[in-house]
Amino acid sequence: MFDYGDRTGYEPISDTDRKEFHEQGFLLLRNVLTEDHRAALEAAVDRVYAEEQAKGNTKKDGTLHLLGFLERDELFGELLTHPIAFPYMWGLAGWNIYTHHNHLDVTPPAAEPEKPYWGWHQDGYRQNSDPETMDPNLPRPMFSLKVAYVLSDLSETGRGATKVIPGSHLKNSLPRPADLTVQNPDPEGTVEITANPGDAFIFDRRQWHSRSTNLSTITRKMLFVGYTYRWIRPLDELHPDLDGEWYRNRTPVQRQLIGEGTHTANYWGINWDGYVDDEIPLRKELKERGLLDRNIPWLR
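Letter by letter, the sequence shown follows residues 888 to 1187 of the numbering used here.
See below:
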C-alpha cells in the first residue's frame, strides 16, 4: 500500500544502534513513515478523535489518551510490523513478544498556562517494585519497549513532545523536588525529543520520561505501540472480532503480536515437552531467514 522499497521488517538492526539504545535508553529514527502513510494515519487518528469526542471521551481541554487503539483502523494493525520500526522491536527484545499496551494521543494547544506539575516516571507500574533487588545500583529489567510514531510537527520545543533523560534507564530512582506546588526545573540532562512528521522514536520502559505542555498552535498527534514478552500479562487488552475484516487481515506474526498462542506453555516460548516451539510465528520467520543468533540471548 505504501512504498518502502525492499524493506520487509526483517532487516537486522546495526550493532551501533543496539549499543546506542542500551547506553541512552532511546533512539530517534528519522523518516520512518512515508508522507502518504503519515497522512493516512493522521486522517485515521482524526476520525477516531471525532468519534471519541462525540462520545464525550475527550478531556475538557480536548486531549485524548486512547488505550488499545489498534483495532480502530486497518492502518493501525499494520503498524505492528512496520518495515522500518519492527526490526528494532525483535532486534532489541527478541521473538517471544507481543503488544501489551498501545495508545493514541491527541494534545491540542494548551488553553492556559499549566499548573505546577511533576510528571517524571518510568513505565511498568509494579514492574518497578515486584522484581526489585535490595541493591539500588542494579538496574531493573527492561521488560518492554515502545515505538512512538510522530504524526504532527514536533520539530521545535514547546509543542508537547516527550522529554527524556538519556541514560536514566539504568537508574532506579530520580530525585523528586520537595515542593511540588511550584514550578520546578526539569532534571539535569533532560532532552525534549524534537521530531519531524513521519519520524519515530523508540524507548526502553525504564527510561525516565515526562510529557510536556503544548504551548504552540499545533495539535500534537502521536501513536505509541508497546511490546513486551508473551509471559507478561497485557496492560490494555485487545478484543478483535474473530469474524471481522481487521482480524482476517492480520498475518500469523501480527496475530502473535496481538496476543495469540496455542497453549499456556507456548507463551513461554516452549512446547509441553520443554523444548523451544519453532512454530511460534515470529521465531519461525526469523529462523527461516537465518536471523536467530545465539550470541544475542533474546534471539537464541
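Even glycine gets a Cβ: it sits at the ideal position worked out from N, Cα and C.
Limits of the alpha helix (DSSP H) - the one that residue i falls within
| i | result |
| --- | --- |
| D1091 | Run containing D1091: none in the alpha helix (DSSP H); it sits in the beta strand (DSSP E), A1087 to D1091. |
| L1169 | P1168 to E1175 |
Cβ-based burial, residue i [other Cβ within 10 Å; buried from 16]
| i | result |
| --- | --- |
| Q1009 | buried |
| T994 | buried |
| N983 | buried |
| T1151 | exposed |
| Q1070 | exposed |
| K1033 | buried |
| D992 | buried |
| M1029 | buried |
| E1166 | exposed |
| N918 | exposed |
| K1002 | exposed |
| R1176 | exposed |
| Y1012 | exposed |
Given residue i as reference, the closest of the options once Cα atoms are compared
| i | options | result |
| --- | --- | --- |
| A972 | D1066, P996 and V1037 | V1037 |
| L951 | R934, E965 and E961 | R934 |
| Y897 | L1179, I1183, M888 and R1187 | L1179 |
| I1183 | W1118, D902 and T895 | D902 |
| E999 | G1011, L962, D960 and D948 | D948 |
| E965 | L920, W1007 and E938 | L920 |
| L1125 | T1138, W1118, M1109 and R1142 | R1142 |
| A927 | D1165, Y1134, L1173 and L1110 | L1110 |
| I1105 | I1089, A1048, G1113 and R1098 | A1048 |
| K1050 | L1186, G1076, P1084 and I1119 | G1076 |
| R1135 | E958, L916 and E922 | E958 |
Residue i versus residue j - alpha carbon distance
| i | j | result |
| --- | --- | --- |
| P996 | G1161 | 54 Å |
| T945 | V932 | 13 Å |
| T1115 | W977 | 10 Å |
| R905 | Y1004 | 33 Å |
| L914 | F1090 | 7 Å |
| H990 | V1112 | 7 Å |
| E1043 | T1081 | 6 Å |
| R1098 | R1137 | 32 Å |
| I900 | D1128 | 34 Å |
Identity of the residues DSSP links to residue i by a beta bridge
| i | result |
| --- | --- |
| F1111 | H990 and A1035 |
| N1101 | R1046 |
| A1082 | L1041 |
| Y985 | T1115 |
| V1140 | None; V1140 has no bridge partner. |
| V1051 | V1078 and H1096 |
| I1157 | V1163 |
| L916 | A1087 |
| H1008 | H1096 |
First through last residue of the beta strand (DSSP E) which encompasses residue i
| i | result |
| --- | --- |
| F1030 | F1030 -> no beta strand (DSSP E), and no H or E assigned at all. |
| H952 | L951 to L954 |
Residue-chain proximity (residue i, chain D), Cβ-Cβ < 9 Å
| i | result |
| --- | --- |
| L1125 | The structure shown contains no chain D; it holds only a single protein chain. |
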